[in-house]
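Colleague: 1 is the number of the first residue of the sequence shown in the UniProt record's numbering; add one for each residue after it.
From the three backbone atoms N, C-alpha and C, an ideal C-beta is built for every residue, glycine too.
Bear in mind that the values here come from a model prediction, so they are computed numbers and not experimental data.
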Amino acid sequence: MDLDVMALPWEAAEKQLREANISYRTEISRPTRDFFPVDEHRLYVVRQCQESDGKLLLTLAAKQLPVKEV
Numbered sequence: 001m002d003l004d005v006m007a008l009p010w011e012a013a014e015k016q017l018r019e020a021n022i023s024y025r026t027e028i029s030r031p032t033r034d035f036f037p038v039d040e041h042r043l044y045v046v047r048q049c050q051e052s053d054g055k056l057l058l059t060l061a062a063k064q065l066p067v068k069e070v
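1. In the structure shown, what three-state DSSP assignment does Lys-63 receive?
2. As a quick exercise: from Gln-50, Pro-66, Trp-10 and Ile-22, pick the residue whose alpha carbon is nearest that of Ile-28.
3. Please report the straight-line C-alpha distance between Leu-60 and Thr-32, rounded to a whole angstrom.
4. So, with DSSP's three-state summary, where would you put Arg-18?
5. Can you grab the Cα-Cα spacing for the pair Ile-22 / His-41, in whole Å?
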């Protein structure tokens, strides 16, 4: 696995993977609680590993929104 897309916005990572003709699949990681607000439309790659079939498994997570102080 030569291409590293860790910490990239999903749109940029997907573009690089398509240009390099690399097969991949994605899964979404979601917080178990809604204490911190997130923007579900701004996904980032938080994990990348190569599966036994050669495909990359990418875990995506939503960007945390700034917390308003009380």
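Modeller: Put simply:
1. The DSSP-derived three-state label of Lys-63 is strand.
2. Per the Cα distances, Trp-10.
3. Roughly 15 Å between the two C-alpha positions.
4. DSSP, read as helix, strand or coil, puts Arg-18 in helix.
5. Going from the Cα of Ile-22 to the Cα of His-41 covers about 24 Å.
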